[in-house]
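**Q** Quick one: this structure, given as structure tokens, is what I'll be asking you about.
Residue numbers (the numbering used here), protein chains in the order written: chain A, 75 to 188; chain B, 29 to 140.
This is the structure in structure tokens:
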């Protein structure tokens with residue numbers, strides 16, 4: 075009965091490869107997010123989708139492309155991986171009612187680019 | 029520029045002691061502030077969420093306070109336990125659907 079799940083949990087790959095991280099939420103939430111947490115533990119939002127539509131797109135390289143096939147899924151595809159992409163990527167979801175929304179985070183995907 | 033600053037950066041306390049973590053923000057206009065707990069190797073988990081009109085909110089041994097005038101919040105942990113060892117992240121939402129602004133967190137270590 076996991077609320078927000080991500081796969082894979084660990085991902086080790088070579089520079090230049092293309093990889094995808096999948097996220098699913100079974101909470102019935104309208105909004106999903108991708109965050110990047112660097113080695114200094116600083117969380118930074120990358121994207122946000124509401125009902126399959128992109129609503130936040132922070133300044134990230136266009137090698138990162140989110141895809142939302144339905145409102146329960148938000149996948150992250152990364153092209154031409156670079157060393158600096160190594161980080162923990164968190165998916166999250168919220169109901170997005172103003173004032174009261176709480177974000178529920180997945181367990182994270184630890185990406186290591188060699 | 030909208031910012032969220034947390035202090036201290038790290039803190040070590042003995043089991044059973046109390047502690048207070050600080051969060052100062054410059055986000056304006058302000059909608060709400062939340063505290064998250066992030067255990068090592070896991071995603072953040074929400075502890076409290078406070079709106080402009082709320083001064084204090086408790087969740088078990090965790091009590092958050094908010095002073096919207098001075099733009100300061102604190103998280104007080106009472107009778108700390110080893111399981112409280114984690115990073116505590118302060119997050120502020122501005123109004124009109126703006127993105128959440130995350131602080132860098134305070135790393136708390138509770139030792140026996």
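Glycine is no exception: its CB is placed at the ideal position from the N, C-alpha and C atoms. Only a predicted model underlies this, so the values are computations on that prediction, with no experimental measurement involved.
Using C-beta distances below 7 angstroms, list every residue in its chain close to residue 120/A, excluding the 5 sequence neighbours before and after it, in chain order.
**A** Cβ within range, chain order: 108, 109, 110, 132, 134 and 138.
**Q** In terms of residue numbering, what span does the beta strand (DSSP E) encompassing residue 120/B cover?
**A** Segment 114-122, the beta strand (DSSP E) holding residue 120/B.
**Q** Give the residues of chain A in contact with residue 89/B, contact being defined as C-beta atoms less than 7 angstroms apart.
**A** Ordered by position in chain A, no residue passes the 7 angstroms Cβ test against residue 89/B, which lies about 19 angstroms from the chain.
**Q** Whole angstroms are fine: how far does the CA of residue 90/B sit from the CA of residue 43/B?
**A** Cα-Cα distance, rounded: 15 angstroms.
**Q** Considering only the beta carbon of each residue, do residue 93/A and residue 152/A sit closer than 8 angstroms?
**A** Yes. Within cutoff.
**Q** For the stretch 63-74 of chain B, enumerate the residues whose C-beta is nearer than 9 angstroms to any C-beta of chain A, in chain order.
**A** Listed by position along the chain: 64, 66, 69, 70, 71, 72, 73 and 74.
**Q** At a Cβ cut of 7 angstroms, what residues of the stretch 153-170 of chain A count as close to chain B, listed as they run along the chain?
**A** Cβ contacts with chain B come from 164.
**Q** With the cut-off set at 8 angstroms, would you say residue 94/B and residue 101/B are in Cβ contact?
**A** Yes.
**Q** Report the rounded CA-to-CA distance for residue 47/B versus residue 165/A, giving the unit in angstroms.
**A** Cα to Cα, the separation comes out at about 30 angstroms.
**Q** Does DSSP put residue 144/A in a helix, in a strand, or in coil?
**A** Residue state, collapsed to three classes: strand.
**Q** If you follow the beta strand (DSSP E) that residue 134/A is part of, which residue opens it and which one closes it?
**A** Careful: residue 134/A lies outside any beta strand (DSSP E) and carries neither H nor E.
**Q** Quick one: which chain B residues come within Cβ less than 8 angstroms of residue 176/A?
**A** What residue 176/A touches in chain B: 62, 74 and 77.
**Q** Apart from the five residues just before and just after residue 86/A, which ones in its own chain have a Cβ nearer than 6 angstroms to its Cβ?
**A** Only 186 meet the Cβ criterion.
**Q** Would you report the Cα separation of residue 175/A and residue 31/B, rounded to the nearest angstrom?
**A** In a straight line, the C-alpha of residue 175/A is about 20 angstroms away from that of residue 31/B.
**Q** Identify the continuous beta strand (DSSP E) that holds residue 32/B and give its terminal residues.
**A** Counting along the chain, the beta strand (DSSP E) containing residue 32/B begins and ends at 32-35.
**Q** Taking all protein chains shown into account, decide if residue 98/A is buried (16 or more other Cβ within 10 angstroms of its Cβ) or exposed.
**A** Buried, by the Cβ-count rule.
**Q** Using a Cβ cut-off of 8 angstroms, pull out every chain A residue sitting near residue 127/B, in sequence order please.
**A** By Cβ distance, chain A contributes 119, 122, 130 and 132.
**Q** Spatial neighbours of residue 82/B within its chain, please: C-beta separation below 8 angstroms, excluding the five flanking residues on both sides.
**A** If we look at residue 82/B and ignore the five residues flanking it on each side, its Cβ neighbours are 94.
**Q** Do we get a CB-CB distance below 8 angstroms when we pair residue 126/A with the residues of chain B?
**A** Judged by the 8 angstroms Cβ criterion, residue 126/A is not in contact with chain B.
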